[in-house]
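> Residue numbers (this note's numbering): 1 to 204.
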């Protein structure tokens with residue numbers, strides 16, 4: 001009886017395997033965008049499908065001992081959602097400025113170009129930036145370093161000169177900020193980095 005049962009199970013399995021070798025479909029109902037062409041590689045003398053899968057980062061669900069910690073975390077998420085787009089925009093604008101300045105021959109033309117861009121940025125973003133809180137401003141300074149690889153102080157010094165960098169650093173310090181602040185991905189800013197990745201992935 002046991003033997004018959006094993007044979008029966010094997011027969012069913014082989015029937016399923018055979019059935020899976022042939023796929024029947026109606027060509028009129030197939031959308032070509034639903035399919036992806038996968039390249040093959042030779043492995044141990046056999047050609048097998050090969051595709052690079054996008055890396056996915058998984059974060060543990062956060063548990064908070066006290067409600068005020070949860071509120072603080074939620075406030076940090078909201079602040080980052082507000083300032084992160086400006087940091088990304090800063091990265092794009094600074095990259096464009098660097099590329100354009102390479103085409104300018106004289107320092108005079110470079111200064112004129114920088115002043116023009118500065119006026120355009122003021123007109124476009126001054127109201128938004130004025131509405132930011134001190135906490136959001138400090139986060140933006142950190143995020144600019146994260147996105148561009150350089151501190152806000154270095155960017156001002158490079159584009160506007162040492163005096164401007166010193167002046168704005170003094171103003172920032174008066175309000176409890178520091179234009180020389182760097183983003184510490186693996187240290188104190190690890191949670192911020194984690195939140196930004198989740199924002200990018202659409203998880204929060």
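Here a beta-carbon is modelled for each residue, glycine too, at the ideal position from N, C-alpha and C.
Roughly how many angstroms separate the alpha carbons of residue 64 and residue 70, rounded to a whole number?
Stepping through the chain shown from its first residue, residue 64 is reached at position 64. Stepping through the chain shown from its first residue, residue 70 is reached at position 70. Taking the straight line joining both Cα atoms gives about 6 Å.
> Entirely within the stretch 96-139 and at least 4 residues each: give me those alpha helix (DSSP H) ranges in chain order.
Qualifying alpha helix (DSSP H) stretches, in chain order: 107-130.
> Determine whether the beta carbon atoms of residue 133 and residue 94 lie at a separation below 8 Å.
Taking the first residue of the chain shown as 1, we reach residue 133 at position 133. Taking the first residue of the chain shown as 1, we reach residue 94 at position 94. Not closer than 8 Å, so no.
> Please list, in chain order, all residues of the same chain as residue 23 whose beta carbon is under 8 Å from its beta carbon, the five residues on each side excluded.
Indexing the chain shown from 1 puts residue 23 at position 23. Note that residue 23 has pLDDT 49, beneath the 50 cutoff, so the model's placement of it is unreliable and the number below is only indicative. Nothing meets the Cβ criterion.
> Compare the C-alpha of residue 52 against each of 46, 183, 39 and 77 and name the closest.
Here the question's residue 52 lines up with position 52 in the chain shown. Measuring from the Cα of residue 52, the nearest candidate turns out to be 39.
> If we ignore side chains and look at the alpha-carbon of each, how far apart do residue 83 and residue 185 end up?
What you label residue 83 is simply residue 83 of the chain shown in a count that begins at 1. What you label residue 185 is simply residue 185 of the chain shown in a count that begins at 1. Residue 83 and residue 185: Cα-Cα distance of roughly 17 Å.
> Apart from the five residues on each side of it in sequence, which residues of its chain come closer than 7 Å, Cβ to Cβ, to residue 48?
If you number the chain shown from 1, residue 48 lands on position 48. Cβ within range, chain order: 40 and 41.
> Check whether the Cβ atoms of residue 157 and residue 170 lie closer than 8 Å to each other.
Mapped onto the chain shown, residue 157 falls at position 157. Mapped onto the chain shown, residue 170 falls at position 170. No, these two residues do not count as a Cβ contact at 8 Å.
> Note down the Cα distance separating residue 241 from residue 45, rounded to an integer number of angstroms.
Residue 241 is absent from the model: the chain starts at 1 and stops at 204.
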